[in-house]
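Each step along the sequence shown adds one to the number in the UniProt record's numbering, with nothing skipped, and position 78 is 78. Where a beta carbon is used, it is the ideal one built from N, C-alpha and C, also for glycine. A short worksheet on the structure shown next.
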Amino acid sequence: MCIFCKIINGEIPAKVVYEDEHVLAFLDINPRNKGHTLVVPKKHYERFDEMPDDELCNFIKGVKKTVEVLKKLGFDGYNIVNNNGRVAGQEVNHVHFHVIPRYEGDGEVV
Ligand code: 5GP
Ligand code: ZN
Numbered sequence: 001m002c003i004f005c006k007i008i009n010g011e012i013p014a015k016v017v018y019e020d021e022h023v024l025a026f027l028d029i030n031p032r033n034k035g036h037t038l039v040v041p042k043k044h045y046e047r048f049d050e051m052p053d054d055e056l057c058n059f060i061k062g063v064k065k066t067v068e069v070l071k072k073l074g075f076d077g078y079n080i081v082n083n084n085g086r087v088a089g090q091e092v093n094h095v096h097f098h099v100i101p102r103y104e105g106d107g108e109v110v
């Protein structure tokens, strides 16, 4: 089982930012900025394009909800990043969107 599936199952602890029926959002263990969060579908898919459209819709809604929760950090903007394939920098083979809050003057984060 992959590391994110273990987090979803509760076998590995994580700091949960947002959760619903379809997605789990938790803080990245190696954050690139304050509040760096990973949003994952609860069902395992390796790549973004493998997800059926209806599941993608629920997933993207969960990403939006996560951004709304993170607003309490007072960010000035945010990046959403999704890597697919090792050549693109994907280290964990379970679909995840990075939500990286940005703050004025934080420099080159992404
Ligand atoms: P990727 O390079 O695949 O797009 O991003 C994987 C991300 O997962 C990295 O930013 C890394 O810090 C994060 N990560 C890897 N293992 C764990 C873990 O066990 N817990 C948490 N919270 N994040 C993890
Ligand atoms: Zn998985």
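Problem - 8 Å Cβ cutoff met for residue 67 and residue 109 - result: no
Exercise for the section: Tell me the start and end of each unbroken beta strand (DSSP E) in the segment 22-47 that is at least 3 residues and wholly inside, in chain order. Expected result: 23-27 and 37-41
Problem - Those residues which DSSP pairs with residue 13 across a bridge - result: None, per the DSSP bridge assignment.
Exercise for the section: Alpha carbon to alpha carbon, how far is residue 70 from residue 89? Give it in angstroms, no decimals. Expected result: 24 Å
Exercise for the section: Starting from the N-terminal side, write out each stretch of the beta strand (DSSP E) that is 3 residues or longer and does not extend beyond the segment 48-91. Expected result: 77-81
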